[in-house]
Amino acid sequence: MEEFDNYSKSAVSFNSVIMKTFFWMFLGLASTGIVAFVTFNSDAFTSIISAWPILALIEVVVVIAFHATLRKASASLVTALFFIYSMINGLTLSVIFAAYDLGSIALAFFGTAALFGGLAIIGYKTERDITSLGTILFVGLIAGLIMSIINIFIGSEAFAILIDWVIIAVFCGFTVYDMNKLKLMAESGDFPEEKVAIYCALELYLDFINLFIRILSLIGGRSRD
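Residue numbers are given in our numbering: position 204 of the sequence shown equals residue 1437, and the series is strictly consecutive.
Right under this line is the structure:
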């Protein structure tokens, strides 16, 4: 009976972490979308465009701070960093409303949501040890970034499409990997429940955003006015 009670408590705790993770992720995506839309329709949009490199650098700094302070910082500070990042990301992503029509954006978003949901289920269900996948995915991401830099000078549309597919493949893998990592972290009990939820929310948020941007680049490019 005691073993059953312990199992029940573990299951409840794990389900709680999953629910909190996706709740925070949803709030992060919502804050990004709202900030992006409001910024695009405001007088500040031109200034945001000119400050885009600075904002992108700030995003990198916030993500580094987020990971560096995960063990020692309070859950409230980690949560604050997550929302700071999501809102800054909303400023940088406001440009998509200038580049693509709303129909393309909506199609890309719901397509990404469907793909992301399927991948998350795979990551949740898998019982195999996929920790080694992280290194492979990181190498793939670096390769994609190098290809993107090269294409800045080449300017090849065909090469850009290839890069989009490479990045999509990488973040499909990251979604499965991060969802599996969420399960393992929740089961290990090494971190407080709130920290696990907000940490994994950021990881999955980044996966979703990167998939969305690349999918939008593929299908939205054909739908521009």
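Ideal Cβ positions, reconstructed from N, Cα and C, are used throughout, including at glycine.
Leu1324: beta carbon under 7 Å from a heavy atom of the ligand SAH? No copy of the ligand SAH appears in this structure; indeed no ligand is present at all.
What residues in its chain sit with their C-beta under 7 Å from that of Ala1353, if we drop five residues either side in the sequence? Taken in chain order, the residues that qualify are Thr1408 and Met1412.
Determine the contact status of Leu1435 and Phe1316, defining contact as a CB-CB distance below 8 Å. Judged by beta-carbon spacing, Phe1316 lies beyond the 8 Å limit of Leu1435, meaning their Cβ atoms are not closer than that value.
Where does Gly1388 fall in DSSP's three states? Coil at Gly1388, not helix or strand.
Is the stretch 1369-1378 touching the stretch 1388-1406 in the sense that three or more CB pairs, one from each, lie closer than 8 Å? Using a Cβ-Cβ distance cut-off of 8 Å, the stretch 1388-1406 and the stretch 1369-1378 are in contact, since at least three pairs of beta carbons, one from each stretch, lie closer than that value.
Option in Asn1322, Lys1414, Thr1302 and Ile1338 with minimal Cα separation from Thr1272: Of Asn1322, Lys1414, Thr1302 and Ile1338, the residue nearest in Cα terms is Asn1322.
Decide if Ile1267 is buried, meaning its Cβ has at least 16 other Cβ atoms within 10 Å, or exposed. Counting Cβ neighbours within 10 Å, Ile1267 comes out exposed, since fewer than 16 surround it.
Pull up the distance between the alpha-carbon of Ala1391 and that of Ser1309, whole angstroms please. The alpha-carbon atoms of Ala1391 and Ser1309 are separated by roughly 45 Å.
If you reduce the DSSP assignment to three classes, tell me which class Leu1303 lands in. Correct three-state label for Leu1303: coil.
Can you tell me where the alpha helix (DSSP H) holding Arg1447 begins and where it ends? Arg1447: member of the alpha helix (DSSP H) spanning Glu1426 to Gly1453, first to last residue.
Is it buried or exposed, Phe1256, if we count other Cβ atoms within 10 angstroms and call 16 or more buried? Around the beta carbon of Phe1256, fewer than 16 other beta carbons lie within 10 angstroms, which makes this residue exposed.
Integer-rounded CB distance, given that Ala1269 should sit under 8 Å from Ser1337: Going by Cβ atoms, the distance from Ser1337 to Ala1269 rounds to 14 Å, so no, they are not a contact pair.
From what residue to what residue does the alpha helix (DSSP H) around Ile1354 run? Note, Ile1354: alpha helix (DSSP H), Leu1335 to Lys1358.
Look at the alpha carbon of Leu1451 and the alpha carbon of Leu1348, and state the distance between them as a whole number of angstroms. Looking at the two C-alpha atoms, the distance is approximately 15 Å.
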